[in-house]
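Enquirer:
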Amino acid sequence: MMRFFLYLIFSISINLMVLTNAVAVIPLSDVSAGVFRFQAKLAEQGNPEAQYKVGEMYETGQGAAKNIQKALTWFEKAAKQGHKKSIYKLLFLEIKSNGLNDFTKSQLGMLRQEAATGNTDAQYFLGKMYAAGVGVPKSLNNALTWLNKAVFNGIIEAEKEAVVVEKELARIRKNEANKRAVALAAAKKRRTAENKNAENKQRAQRVNQSKKGALVKKNLEERNRIEEERRALAEEKRKLEKERQFLDAERDRAASQAAEKEEKSSFVSDPCKGKSARFLSTCR
1 MMRFFLYLIF
11 SISINLMVLT
21 NAVAVIPLSD
31 VSAGVFRFQA
41 KLAEQGNPEA
51 QYKVGEMYET
61 GQGAAKNIQK
71 ALTWFEKAAK
81 QGHKKSIYKL
91 LFLEIKSNGL
101 NDFTKSQLGM
111 LRQEAATGNT
121 DAQYFLGKMY
131 AAGVGVPKSL
141 NNALTWLNKA
151 VFNGIIEAEK
161 EAVVVEKELA
171 RIRKNEANKR
181 AVALAAAKKR
191 RTAENKNAEN
201 KQRAQRVNQS
211 KKGALVKKNL
221 EERNRIEEER
231 RALAEEKRKL
241 EKERQFLDAE
251 RDRAASQAAE
261 KEEKSSFVSD
271 PCKGKSARFL
281 STCR
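Heads up: the sequence shown begins at 1 in full-length UniProt numbering, then just goes up one per residue.
1) Inspect the beta-carbon positions of residue 161 and residue 147 and report whether they are closer than 8 Å.
2) What do you reckon, are the CB atoms on residue 150 and residue 118 nearer than 8 Å?
3) Given that a residue counts as buried once 16 or more other Cβ atoms are within 10 Å of its Cβ, and exposed if not, what is residue 209?
4) When DSSP labels each residue in this structure, what does residue 139 get in the three-state scheme?
5) Please classify residue 67: does DSSP put it in a helix, a strand, or coil?
6) Taking residue 91 and residue 107 to be in contact with their CB atoms under 8 Å, please state how far apart those CB atoms are, rounded to whole angstroms.
7) According to DSSP, is residue 123 part of a helix, a strand, or is it coil?
8) Where does residue 8 sit, in a helix, a strand or coil, going by DSSP?
9) Beta-carbon within less than 6 Å of residue 89's beta-carbon, same chain only, minus the 5 sequence neighbours each way: which residues are those?
10) Considering only their Cβ atoms, is the gap separating residue 143 from residue 163 smaller than 8 Å?
11) Would you decide whether residue 252 is buried or exposed? Buried here means 16 or more other CB atoms lie within 10 Å of its CB.
12) If you draw a straight line from the C-alpha of residue 249 to the C-alpha of residue 222, how long is it?
13) In whole angstroms, what separates the C-alpha of residue 21 from that of residue 100?
14) May I ask you to report which of helix, strand or coil DSSP gives residue 215?
15) Determine the direct distance from the alpha carbon of residue 57 to that of residue 167, and round the result to whole angstroms.
16) With DSSP as the reference, label residue 265 as helix, strand or coil.
17) Quick check: what's the CA-CA separation for residue 111 versus residue 187?
18) With 16 other CB atoms within 10 Å as the buried threshold, where does residue 116 fall?
19) I'd like the span of the alpha helix (DSSP H) that includes residue 45, first residue to last.
20) Does DSSP put residue 290 in a helix, in a strand, or in coil?
21) Counting only the same chain and skipping the five closest in sequence on each side, list residues whose C-beta sits under 7 Å from that of residue 264.
22) How long is the line joining the alpha carbons of residue 205 and residue 216, rounded to whole angstroms?
23) How should residue 260 be labelled, buried or exposed, when 16 other C-beta atoms within 10 angstroms of its C-beta is the threshold for buried?
24) Under the rule that 16 or more other beta-carbon atoms within 10 Å means buried, what is residue 68, buried or exposed?
25) Given a cut-off of 8 Å on the beta-carbon distance, is the pair residue 157 and residue 130 in contact?
26) Taking just the CA atoms, how far does residue 200 sit from residue 141?
27) Start and end of the alpha helix (DSSP H) containing residue 98?
28) Mind reading off the beta-carbon distance from residue 54 to residue 65? Whole number of angstroms is fine, and I expect it under 8 Å.
29) Does residue 134 come out as helix, strand or coil in the three-state DSSP assignment?
30) Let me know if residue 97 comes out buried or exposed under the rule of 16 or more other beta-carbons within 10 Å of its beta-carbon.
Next comes the structure, spelled out in structure tokens:
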């Protein structure tokens, strides 16, 4: 019995390997075309989910030739049956092509409400709208928030979209980091240059102040020298004046002595001459 089970397991394993290898060699385009044919049959039978998938395949050109008009036709067929993803898809495409109007604004408001209340398809398309800036201001962070909600609730398309948004965010953050690094390097270079200029300016000011101080000192010394010379000249002048006065006094004294001597000599020879003659009775 045990041998039978082991043989059965071995046979199943071999068959799975053969099947896997067979599928692996089938071209991807053939697989997509097969999926399209399968979905198209279901769509023709009125299956709204299949109609939506056929519309997407026409939109992307996967499994069938790309044809936007046919894609819209299938989205509209599914939407008429109340298929939410098709309704949101048509709203997304309408706003993307023609912008917002009163009708699409009201529809977008309903989509927001449904996303907030947990509708996974609404969450997915609201994330797409934020990612592309369709009907709402572009915000990758908001896009990722709503796409992750949809991913958490099992929407496979949302997971693919979220990966794209995360890569875009990573690229933007890297660019911003590079810009900040460049800006910081430029700021550092600018500060270094400013500091160097400030140092050079301070050095120049110190040199100028030193030169100015030396000039002031030199001028002061020169004024002191001139003042000293002036004082010396004044002193010399005073001495000369004093010496002149002394010589004048000596000259006057000598002249006086000479006059007295002459007078005495004249008196001896002629008593009636001189100042004392008027006192002599013989000279009257």
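Every residue gets a Cβ at the ideal spot worked out from N, C-alpha and C, and that includes glycine.
Expert: Let me spell this out:
1) By 1-based counting over the sequence shown, the position of residue 161 is 161. By 1-based counting over the sequence shown, the position of residue 147 is 147. Yes, the Cβ-Cβ distance between residue 161 and residue 147 is below 8 Å.
2) Translated into the one-based positions of the sequence shown, residue 150 becomes position 150. Translated into the one-based positions of the sequence shown, residue 118 becomes position 118. Not closer than 8 Å, so no.
3) Here residue 209 refers to the residue found at position 209 when the sequence shown is read from its first residue. With fewer than 16 Cβ atoms within 10 Å of its Cβ, residue 209 is classed as exposed.
4) Translated into positions along the sequence shown, residue 139 becomes position 139. Residue 139: coil per DSSP, three-state reduction.
5) Along the sequence shown, read from residue 1 onward, the residue named residue 67 stands at position 67. Coil at residue 67, not helix or strand.
6) Position 91 of the sequence shown, counting from 1, holds the residue named residue 91. Position 107 of the sequence shown, counting from 1, holds the residue named residue 107. The Cβ separation is near 5 Å, so the contact holds.
7) On the sequence shown, position 123 is the one that residue 123 refers to. In this structure, residue 123 counts as helix in the three-state DSSP scheme.
8) The sequence position of residue 8 within the sequence shown is 8, counting from 1. The predicted position of residue 8 is uncertain, since its pLDDT is 39 and thus under 50; a value taken from the coordinates is nonetheless stated next. Helix, per DSSP.
9) Position 89 of the sequence shown, counted from the start, is the residue given in the question as residue 89. For residue 89, where only same-chain residues beyond five positions count, the Cβ hits under 6 Å are 75.
10) Position 163 of the sequence shown, counted from the first residue, corresponds to residue 163. Position 143 of the sequence shown, counted from the first residue, corresponds to residue 143. No, these two residues do not count as a Cβ contact at 8 Å.
11) Position 252 of the sequence shown, counted from the first residue, corresponds to residue 252. It counts as exposed.
12) As a working note, residue 249 is residue 249 in the sequence shown. As a working note, residue 222 is residue 222 in the sequence shown. C-alpha separation (whole angstroms): 40 Å.
13) Counting from one through the sequence shown, the residue named residue 21 turns up at place 21. Counting from one through the sequence shown, the residue named residue 100 turns up at place 100. With a pLDDT of 42 at residue 21, under the threshold of 50, the predicted position of this residue should be treated as unreliable, though the coordinate-derived value follows. Going by the C-alpha atoms only, they are around 50 Å apart.
14) Taking the first residue of the sequence shown as position 1, residue 215 is located at position 215. Looking at residue 215 - three-state DSSP - the assignment turns out to be helix.
15) The sequence position of residue 167 within the sequence shown is 167, counting from 1. The sequence position of residue 57 within the sequence shown is 57, counting from 1. For residue 167 and residue 57, the distance between alpha carbons rounds to 25 Å.
16) As a working note, residue 265 is residue 265 in the sequence shown. Residue state, collapsed to three classes: helix.
17) Along the sequence shown, one-based indexing puts residue 111 at 111. Along the sequence shown, one-based indexing puts residue 187 at 187. The alpha-carbon atoms of residue 111 and residue 187 are separated by roughly 47 Å.
18) Mapped onto the sequence shown, residue 116 falls at position 116. Counting Cβ neighbours within 10 Å, residue 116 comes out exposed, since fewer than 16 surround it.
19) Taking the sequence shown and counting its residues from 1, one reaches residue 45 at position 45. No alpha helix (DSSP H) contains residue 45, which DSSP labels as neither H nor E.
20) The structure shown does not extend to residue 290, since the chain spans only 1 to 284, so no value can be given for it.
21) Taking the first residue of the sequence shown as 1, we reach residue 264 at position 264. There are no such residues.
22) Numbered from its first residue, the sequence shown carries residue 205 at position 205. Numbered from its first residue, the sequence shown carries residue 216 at position 216. Each residue's Cα considered, the two are about 16 Å apart.
23) Translated into positions along the sequence shown, residue 260 becomes position 260. With fewer than 16 other Cβ atoms within 10 Å, it is exposed.
24) The residue labelled residue 68 in the question sits at position 68 within the sequence shown. Looking at its Cβ environment, which holds fewer than 16 other Cβ atoms inside 10 Å, residue 68 is exposed.
25) Here residue 157 is taken as the residue at index 157 of the sequence shown, counted from 1. Here residue 130 is taken as the residue at index 130 of the sequence shown, counted from 1. Against a cut-off of 8 Å, the Cβ pair of residue 130 and residue 157 comes out as no contact.
26) Locating residue 141 in the sequence shown gives position 141, where the first residue counts as 1. Locating residue 200 in the sequence shown gives position 200, where the first residue counts as 1. So the two alpha carbons sit approximately 49 Å from each other.
27) The count along the sequence shown starts at 1 and reaches residue 98 at position 98. Looking at the DSSP string, the run of the alpha helix (DSSP H) that includes residue 98 is 84-98.
28) For the purposes of this step, residue 54 is taken as residue 54 along the sequence shown, with counting starting at 1. For the purposes of this step, residue 65 is taken as residue 65 along the sequence shown, with counting starting at 1. Not a contact, Cβ separation roughly 13 Å.
29) Position 134 of the sequence shown holds residue 134. If DSSP states are grouped into helix, strand and coil, residue 134 belongs with coil.
30) The count along the sequence shown starts at 1 and reaches residue 97 at position 97. Residue 97 comes out exposed.
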